[in-house]
Structure formats: C-alpha cells, structure tokens
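In my numbering, the protein residues as written are 5 to 522. Heads up, the beta-carbon is just placed ideally off N, CA and C, and yes, glycines get one too. What you are looking at is a predicted structure, and each value in this text was computed from that prediction instead of being measured. Data block below; observations after.
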Ligand code: SAH
C-alpha cells in the first residue's frame with residue numbers, strides 16, 4: 005500500500021514525467037483532478053479504478069477533506085493509489101495538505117513532481133520566464149485571494165518592483181485587482197503582460213498587452229489561465245512556436261474506424277490540430293471464413309495475391325497463421341499492394357511485395373498487373389482478399405483480360421456503433437451541433453464507406469445548411485465521387501492517395517488565409 009502524489013503536467017499529455025507515467029501504469033486506483041489530461045488515463049491498467057474528484061471554480065465534486073479521506077481509505081485496502089494532479093502537486097495544488105494527511109494516518113507516500121503551468125504555459129506561448137537580458141528573478145503567486153476580505157496576504161508593495169517576472173495562478177477573475185495593485189506600487193504601465201488560457205493544449209489561447217491595457221484586452225478570457233507579467237513577454241514575438249504550427253487552432257474530424265484512426269490523428273495533432281475522432285465505420289470479421297480457408301490451403305495454385313487495403317492484409321495473414329501457416333505458404337505467389345501502407349502491412353509478415361502502382365487506386369493496380377505480365381493475364385489465377393463492399397472494377401477488369409479471379413471477403417465494413425461517436429466535447433454536444441456552429445474546420449474521409457456512413461449518421465437533410473461552414477476533405481478521386489453523389493462538396497482532395505497525402509492536402513487547403521470552402 006502506498007499513495008503516489010503525481011504531477012500530471014500542465015495539459016499536453018506528453019509533458020508528464022517518465023516516473024509519473026510509470027505510476028499511472030501500475031496504479032490500482034487513480035484519483036484525478038479537473039486539469040489533468042484525460043489522455044493520460046488511457047495508460048492505466050484496464051482494471052484500475054478511476055475516480056474523478058475535480059474542482060472547477062466553485063463546483064467541487066468532493067471537498068478537500070473528503071479527498072484526503074478517500075486517499076487514505078483506498079490505500080488501507082492495500083492498493084497502489086495514484087493521486088494525479090494538474091501541473092506539480094506542490095505548486096498551488098494542495099498536495100502538501102494531502103501528504104500531511106497521509107503522514108498523520110501513517111500511510112506511506114511518495115511525491116512525483118510535475119511541470120507546473122507557470123513554466124510550461126509561457127514556454128508554449130513563446131515566453132521563457134527568465135532571460136538574461138530581461139530578468140533573473142521569477143515570482144509565482146496566487147491571484148485567488150479575495151480583495152473584499154480586507155487585509156491581503158500578498159505584499160504587493162514588494163512584489164510590484166522587486167521581482168522581474170511575475171506569474172499568477174488562478175488570477176483571471178482578479179486580474180483588474182492584481183493589475184491595479186502592481187500599478188499602485190510603482191510597476192510601469194508599459195510592462196508587457198500575457199494571459200495564457202489552457203496552455204500547452206490544443207485549446208491554448210494567448211492574449212498579449214501591457215499593464216495599461218491587459219484588463220480590457222483579456223476581458224473575455226475565462227479560467228484556467230495564467231498571467232505572465234514582465235519584460236520576458238516581449239520575447240514571444242520571436243519565440244512563439246506552438247501557436248504557429250500550420251494547423252494550430254483548427255478542429256478536424258477523423259471518420260475512419262477507431263483502430264485505424266490513431267496514426268492519422270497523431271499526424272494532424274503534431275501539426276497543431278485539435279482532432280475529433282468520430283468513427284463512422286467499424287471493421288468486423290467475415291460471416292464465413294470457409295472460402296478464405298479454402299483458398300489459403302491451396303495458395304500454390306495462384307500466381308498473384310492482390311491486396312487493396314491494410315485490413316485485407318491483416319485479416320488474410322491472421323487467418324493464414326490461424327490455420328498453422330507462415331510466410332512459406334506464399335512461396336511462388338507474387339504479391340501486389342495498392343499503396344505504401346498496404347505494402348508496409350505485408351512486410352510485417354516478412355513478405356516483400358512484387359509490385360505497387362504509382363497511383364494508389366484500383367485502376368492503376370490493373371495497369372500495373374498488365375505491365376507485370378507482358379504475356380497477358382489470360383489464365384492467371386489471382387486471389388483478392390478484400391472488403392465485402394469493395395468496388396468491382398478491379399476483379400471485373402482482370403476477368404475481361406482472361407484472368408481467373410477469386411474474390412474473398414476478408415473483412416466487413418459496417419456502420420460504427422453510435423456509442424463510439426459520443427466523445428465530441430466536454431459539453432456533450434453532438435457533432436452536428438458543432439458543425440452547425442461552425443466549430444469544425446474540416447471533416448476528413450478516407451474511403452467511400454466513411455462518406456456513406458457519415459451521411460447516414462448525420463442525416464442527409466442536415467448537411468444542406470452546412471455549406472461554407474466546414475470543408476470536406478477526401479483521400480482521393482473515388483472517395484470524392486461517392487461524396488459528390490451524396491451531395492457533399494469536396495474542396496480538399498489528396499494528390500497522393502494515402503494518409504500522409506491527405507494530411508498534406510488538408511494543410512495546404514487550410515494554409516491559405518481565409519481559405520474559401522465554397
Ligand atoms: N498545480 C498546478 C496549479 C493548480 S492551481 C500547477 O502546478 O500547474 C490551478 C491554476 O493553475 C489555474 O487556475 C490556472 O491559473 C493554472 N493552470 C493550470 N493549468 C493551466 C494551463 N494548462 N494553462 C493555463 N493555466 C493553467
């Protein structure tokens with residue numbers, strides 16, 4: 005039994021410490037706060053108990069005393085308890101109180117520091133909190149004290165001029181009071197100030213001004229935010245990197261199946277985008293493995309194995325391994341993959357593909373196979389493990405040239421469960437509501453079935469009013485055509501029909517200021 009008081013870092017889940025992450029991974033119970041990135045909770049063991057005790061403004065789920073008791077209670081059950089707190093537990097986080105309570109109850113604890121908001125949020129806003137030519141002193145204060153209570157805990161007369169950089173936590177509501185005190189005690193009204201809300205997250209917003217005008221400029225900023233006061237703020241002009249990333253501030257919807265969404269989502273996030281995963285499709289096993297098993301058992305009768313999707317590869321090889329086979333069963337069979345991701349998946353099974361077209365559509369696969377067989381495709385036996393709803397163009401084209409094609413249903417693409425699409429924001433709004441409000445910049449489609457199912461889920465009649473409010477982006481011409489047929493106007497289309505190609509197209513499509521989606 006032990007309690008770990010762990011700093012989760014300021015918001016970007018990547019800013020937790022290695023030690024902190026290790027604690028999350030071994031926890032039996034995780035008790036976490038409002039400012040903790042929920043991404044981090046995905047690292048917990050599936051059987052871990054996860055308890056939210058957040059305090060947001062004046063609404064508390066549990067009072068501090070109750071939290072203290074909960075920590076002790078769970079530890080006494082012999083559990084590894086992780087108390088996960090925003091930033092650093094001991095910086096305005098009441099971590100000290102929790103630790104004292106544990107000591108009082110004789111419960112062993114450890115403290116794992118975290119990166120505190122006063123350092124990290126400015127860093128992500130392009131502000132080093134100390135800088136040799138500006139200041140070598142740094143003060144971190146709470147702006148939460150109640151000015152009406154009379155008497156003040158903060159020595160404003162000293163703080164105003166003795167400390168170069170002053171960072172205030174919890175000071176949004178009291179900003180006019182804080183600014184007033186600093187000016188009253190001799191700080192120049194030209195002192196640069198930045199207010200940073202949701203620092204280090206995709207929602208980061210920064211307002212810059214001076215002590216003279218920041219109150220007016222930041223009047224719409226709500227908590228959580230920190231305020232940085234001092235000459236260092238002016239370095240932001242040169243050092244602002246995070247908010248300058250190409251997709252910063254953009255909200256992008258990924259409609260592909262949950263299992264496949266993460267690479268795509270990560271690429272977009274690295275460019276600064278806020279990604280909403282809204283899976284429209286789900287990949288499930290074929291109803292009957294019979295035909296696939298039969299084909300796999302006589303693989304040596306085929307000349308070609310043609311893959312047109314990563315899912316097809318995965319399902320085919322899983323079945324081959326399930327039947328007791330390995331790469332050797334493919335001896336003598338040539339392999340064609342539609343594009344680099346599919347070829348990459350094939351290579352995971354120690355097979356090199358023999359051919360891959362230069363453009364990643366079925367039409368080009370046909371051309372490539374024709375090139376590969378200069379003597380003609382007549383009589384060639386070709387195996388194609390694919391989706392139940394795959395296009396008939398390729399098998400038909402090959403048959404016309406005299407090939408013997410065996411199509412296999414390697415997987416099925418079905419409408420995703422509605423429960424998978426619930427997480428569209430803290431306020432619990434539906435995707436359609438957010439689309440209507442113009443909160444979404446781009447909806448991406450990576451296959452025809454993502455388009456079809458998106459239209460089905462959102463409702464065709466609801467899409468009419470969205471013109472100009474959102475861009476629709478497609479991975480290539482086939483997907484675009486399906487969209488067009490369903491009345492969706494595609495304004496961004498990948499030139500290379502891959503996920504990186506789509507990311508590039510989205511970036512270019514939005515890179516232009518005031519990009520026009522109509
Ligand atoms: N222990 C935390 C601070 C908790 S006090 C830490 O070390 O960072 C809560 C206050 O921290 C908020 O009101 C806000 O002022 C500040 N804060 C925490 N996370 C923040 C973030 N991502 N962006 C801006 N301010 C943040």
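Asked	Found
If I measure Cβ to Cβ from residue 405 and keep anything under 6 Å in the same chain, skipping five residues before and after, which residues do I get?	381
What's the call for residue 296, buried or exposed, on a 16-neighbour Cβ count within 10 Å?	buried
Apart from the five residues on each side of it in sequence, which residues of its chain come closer than 7 Å, Cβ to Cβ, to residue 267?	503
Taking the straight line between their C-alpha atoms, what separation do you get for residue 117 and residue 85?	16 Å
Just mark residue 292 as buried or exposed, buried being the case when its beta carbon has 16 or more other beta carbons within 10 Å.	exposed
Can you round the beta-carbon distance between residue 234 and residue 169 to whole angstroms, since I take them to be within the 8 Å contact cut?	4 Å
Between 14, 433 and 460, which lies nearest to residue 207 when the distance is taken from Cα to Cα?	14
Run the CB neighbour count on residue 279, radius 10 Å, all protein chains shown included, and call it buried at 16 or more, exposed below.	buried
Hey, how far is the Cα of residue 409 from the Cα of residue 303?	13 Å
Given this structure, state the Cα-to-Cα distance separating residue 209 from residue 356, to the nearest angstrom.	48 Å
The beta strand (DSSP E) with residue 410 in it runs from where to where?	408-419
Heavy atom of the ligand SAH less than 7 Å from the Cβ of residue 388, yes or no?	no
What distance in whole Å lies between the Cβ atoms of residue 333 and residue 384, which are believed to be in contact at a cut-off of 8 Å?	At roughly 19 Å, the Cβ-Cβ gap does not stay under 8 Å, so residue 384 and residue 333 are not in contact.
Would you call residue 466 buried or exposed, if buried means 16 or more other Cβ atoms sit within 10 Å of its Cβ?	exposed
Keeping to the same chain, check which residues put their C-beta closer than 6 Å to that of residue 450; ignore five residues upstream and five downstream.	260 and 479
Between the alpha carbons of residue 376 and residue 360, how many angstroms are there, rounded?	10 Å
I'd like the ranges of any beta strand (DSSP E) spanning at least 3 consecutive residues and lying wholly in the segment 162-234.	169-173, 196-201, 209-214 and 229-233
Over what stretch of residues does the alpha helix (DSSP H) that includes residue 456 continue unbroken?	452-462
State the beta-bridge partners of residue 365 as determined by DSSP.	Residue 365 is not bridged to any residue.
Kindly indicate which residue of 407, 226, 53 and 471 has the alpha-carbon position closest to the one of residue 310.	407
Mark residue 390 as exposed unless 16 or more other C-beta atoms lie within 10 angstroms of its C-beta, in which case mark it buried.	buried
Would you please state the rounded distance, in angstroms, between the beta carbons of residue 79 and residue 28? I believe it to be under 8 Å.	Between residue 28 and residue 79 the Cβ distance is about 16 Å, and since that is not below 8 Å, they are no contact.
Can you tell me whether residue 435 is buried or exposed, with buried defined as 16 or more other CB within 10 angstroms of its CB?	buried
Residues in the same chain with beta-carbon distance under 7 Å from residue 191, minus the five sequence neighbours each way, listed in chain order, please.	164, 165 and 215
How big is the Cα-Cα spacing for residue 134 and residue 49?	39 Å
What three-state label does DSSP hand residue 497 in the structure shown?	strand
Who are the near neighbours of residue 427 in its chain, counting only those whose CB is closer than 6 Å to its CB and skipping five residues on each side?	In this predicted model, residue 427 has a pLDDT of only 49, less than 50, meaning its place in the structure is not dependable; the value taken from the coordinates is given anyway. There are no such residues.
Quick check on the DSSP output: the beta strand (DSSP E) that includes residue 88 runs from which residue to which?	84-89
Hey, residue 9 and residue 98: beta-carbon distance below 8 Å or not?	no
Identify every run of the alpha helix (DSSP H) within the segment 323-354, keeping only runs that are complete inside it and at least 4 residues long; order them along the chain.	344-351
For the ligand SAH, I want to know if residue 485 counts as a neighbour, meaning its beta carbon is within less than 7 Å of at least one of the ligand's heavy atoms.	no
Can you give me the start and stop residues for the beta strand (DSSP E) that residue 478 sits inside?	475-478
Distance, Cα to Cα, residue 317 vs residue 30?	35 Å
Between residue 92 and the ligand SAH, is the CB less than 7 Å from at least one heavy atom?	yes
Taking the C-alpha atoms as reference points, what is the distance between residue 130 and residue 19?	16 Å
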